[in-house]
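A.B. asks: I have a structure I would like to understand better, so I am pasting it below and will then ask my questions one at a time.
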Amino acid sequence: SSGKTTVKEMCAAILSRRGNVLATAGNFNNEIGVPLTLLRLTPEHEYAVVEMGANHLGEIAYTTDLVKPDVATIVNAAAAHLEGFGSLLGVARAKSEIFKGLGEKGLAIVNQDSQFAEFWLGKLKYQPVQTFSPDNHNAQADFYATDITIDLNGCAAFEMHSVQGNTDISLVVPGMHNVGNALVAAALTMAVGATLEDVKYGLQDMQAVGGRLKVVPLTEQVRILDDTYNANVGSVKAAIDTLASFSGRRVLVLGDMAELGEKARYYHEQVGEYAKEKFIDCLYTSGVLSQSASTAFGKNGYHFSEQAALIEALEQDLGHEQRDLTILVKGSRSARMENVIAALEKSPLGKLSRRREKIAC
Numbered sequence: 023s024s025g026k027t028t029v030k031e032m033c034a035a036i037l038s039r040r041g042n043v044l045a046t047a048g049n050f051n052n053e054i055g056v057p058l059t060l061l062r063l064t065p066e067h068e069y070a071v072v073e074m075g076a077n078h079l080g081e082i083a084y085t086t087d088l089v090k091p092d093v094a095t096i097v098n099a100a101a102a103h104l105e106g107f108g109s110l111l112g113v114a115r116a117k118s119e120i121f122k123g124l125g126e127k128g129l130a131i132v133n134q135d136s137q138f139a140e141f142w143l144g145k146l147k148y149q150p151v152q153t154f155s156p157d158n159h160n161a162q163a164d165f166y167a168t169d170i171t172i173d174l175n176g177c178a179a180f181e182m183h184s185v186q187g188n189t190d191i192s193l194v195v196p197g198m199h200n201v202g203n204a205l206v207a208a209a210l211t212m213a214v215g216a217t218l219e220d221v222k223y224g225l226q227d228m229q230a231v232g233g234r235l236k237v238v239p240l241t242e243q244v245r246i247l248d249d250t251y252n253a254n255v256g257s258v259k260a261a262i263d264t265l266a267s268f269s270g271r272r273v274l275v276l277g278d279m280a281e282l283g284e285k286a287r288y289y290h291e292q293v294g295e296y297a298k299e300k301f302i303d304c305l306y307t308s309g310v311l312s313q314s315a316s317t318a319f320g321k322n323g324y325h326f327s328e329q330a331a332l333i334e335a336l337e338q339d340l341g342h343e344q345r346d347l348t349i350l351v352k353g354s355r356s357a358r359m360e361n362v363i364a365a366l367e368k369s370p371l372g373k374l375s376r377r378r379e380k381i382a383c
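For the sequence shown, the tail end lands on 383 under the numbering used here, and the numbers increase by one without skipping.
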């Protein structure tokens, strides 16, 4: 539902310290993309990191049977693709298909903090299992974090507890939710031979994933959080948590979340209420469904049916802002929120940044 691509990139970064890695390109994670990924395997590859996604039951059962993984996990199960699955339980059931591809000695890594942990564990009675605690609710998990701190760029540092011992981890991708992503990446890679040192320095050296939560500084005081690749309830809430960790004025710009089924407006209301609870200063929305988010947000919630009107309002309201300001831009692929990022970079905010660079030269 969210986090798969980031975990994939984390795993690839860790394992690349040990040998040649083939990782899923982009989001080639469906019943067409997975076979294409496998066709790229050569004898030189020592590891394969394969992302699997789905929008209907049976899709992951098919792709995991092709891959036959040595270790597999479900990062989480959140409200996404509900038009195909019908309910959150349907999402959890579809994701559990990934474990069907494991052989007798294949290792399952289970999210112990998920509401579906017992459901998944019930399907793994004869399978080796390790657990991780992304929300730090279970210190008895095999992988968990303590002493978490967040720096000025929203990136976390923490002590990781693992089956091989403890080590300090410093992430280069922003967001508290990436602590959990790092834990499961560590569990997956250590199961196939990675060491604590590989995990520590692999995560430290990884590159940000395009369109996934990254900080775009415009000036010393103004920054954009670009998280425009996709959106569902879980990933939007995680991004809001990251926005809330920044000081100064915090603005959320949200497009529609797609494929949420008949409860789509309810889920958008949830997001608006969550942003309000996290003391986000303003919420700008565009599209159809996202109006429910701005309505639930209340005062300082602004909705625009057209993206062009949204961009115009942002430029007018924020274009000359020079104090401490963080703008999070988020939405499903169909919302094309990357257009908002491009417009803000061309606005007086972005031009101010370029002028300063010229002066510095």
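Glycine included, each C-beta is placed from N, C-alpha and C at the ideal position. Please read these numbers as outputs of a predicted model, since none were measured by experiment.
Is I82 helix, strand or coil by DSSP?
C.D. replies: Position 60 of the sequence shown, counting from 1, holds the residue named residue 82. In the structure shown, I82 sits in a helix (DSSP, three-state: H, G or I).
A.B. asks: Please report how far the alpha carbon of F138 lies from the alpha carbon of S155, in whole angstroms.
C.D. replies: Taking the first residue of the sequence shown as 1, we reach residue 138 at position 116. Taking the first residue of the sequence shown as 1, we reach residue 155 at position 133. Each residue's Cα considered, the two are about 13 Å apart.
A.B. asks: Could you check if L265 is buried or exposed, using at least 16 other CB atoms within 10 Å of its CB as the buried criterion?
C.D. replies: Reading the sequence shown from its first residue, position 243 is the one you call residue 265. L265 should be labelled buried.
A.B. asks: Based on the DSSP output, what are the partners of D173 in its beta bridges?
C.D. replies: Here residue 173 refers to the residue found at position 151 when the sequence shown is read from its first residue. D173 pairs with nothing; no bridge assigned.
A.B. asks: For V185 and Y84, I'd like the C-alpha separation in whole angstroms.
C.D. replies: For the purposes of this step, residue 185 is identified with residue 163 of the sequence shown, where counting begins at 1. For the purposes of this step, residue 84 is identified with residue 62 of the sequence shown, where counting begins at 1. Computed Cα separation, rounded: 31 Å.
A.B. asks: Quick check on the DSSP output: what are the complete alpha helix (DSSP H) runs of length 4 or more inside the segment 171-215, in order along the chain?
C.D. replies: 199-212
A.B. asks: Looking only at its chain, what residues have a beta carbon closer than 6 Å to the beta carbon of N252, apart from the 5 residues adjacent to it on each side?
C.D. replies: By one-based count along the sequence shown, residue 252 stands at place 230. For N252, the CB contacts under 6 Å within the same chain, skipping 5 residues up- and downstream, are S354 and R355 in chain order.
A.B. asks: Please report the distance separating the alpha-carbon of K117 from that of S369.
C.D. replies: As a working mapping, residue 117 is identified with position 95 in the sequence shown. As a working mapping, residue 369 is identified with position 347 in the sequence shown. Going by the C-alpha atoms only, they are around 42 Å apart.
A.B. asks: CA-CA distance, L63 and K222?
C.D. replies: Locating residue 63 in the sequence shown gives position 41, where the first residue counts as 1. Locating residue 222 in the sequence shown gives position 200, where the first residue counts as 1. Going from the Cα of L63 to the Cα of K222 covers about 27 Å.
A.B. asks: Does the contact criterion of 3 or more C-beta pairs under 8 Å hold for the segment 205-215 versus the segment 273-284?
C.D. replies: no
A.B. asks: Name the one or two DSSP bridge partners that N133 has.
C.D. replies: Here residue 133 refers to the residue found at position 111 when the sequence shown is read from its first residue. According to DSSP, N133 bridges with F154.
A.B. asks: Touch check for the segment 257-264 and the segment 291-301: three-plus C-beta pairs under 8 Å?
C.D. replies: yes
A.B. asks: What is the residue span of the beta strand (DSSP E) that V275 lies within?
C.D. replies: The residue labelled residue 275 in the question sits at position 253 within the sequence shown. R271 to L276 is the span of the beta strand (DSSP E), which, as asked, contains V275.
A.B. asks: On the DSSP letters alone, give me the boundaries of the beta strand (DSSP E) that G123 sits inside.
C.D. replies: As a position in the sequence shown, residue 123 is number 101, starting the count at 1. Here G123 belongs to no beta strand (DSSP E), and DSSP marks it neither H nor E.
A.B. asks: Which complete beta strand (DSSP E) runs does the segment 299-366 hold, if anything under 3 residues is left out?
C.D. replies: 304-308, 323-326 and 347-352
A.B. asks: Secondary structure at L247, three-state DSSP: helix, strand or coil?
C.D. replies: Taking the first residue of the sequence shown as position 1, residue 247 is located at position 225. Of the three classes helix, strand and coil, the one that applies to L247 here is strand, per DSSP.
A.B. asks: Is Y148 buried or exposed, if buried means 16 or more other CB atoms sit within 10 Å of its CB?
C.D. replies: Counting from 1 along the sequence shown, the entry for residue 148 is found at position 126. Classification of Y148: exposed, given that the 10 Å Cβ count is below 16.
A.B. asks: Just to confirm my understanding: we take A70, look at its own chain, exclude 5 residues before and 5 after, and list those with CB closer than 7 Å. What are they?
C.D. replies: Residue 70 sits at position 48 when you count from the first residue of the sequence shown. So the qualifying residues of the chain are L44 and L63.
A.B. asks: Would you call the segment 86-96 and the segment 128-142 in contact, with 3 or more CB pairs under 8 Å?
C.D. replies: yes
A.B. asks: First and last residue of the alpha helix (DSSP H) that includes T46?
C.D. replies: Taking the first residue of the sequence shown as position 1, residue 46 is located at position 24. That residue, T46, is in no alpha helix (DSSP H); it is neither H nor E in DSSP.
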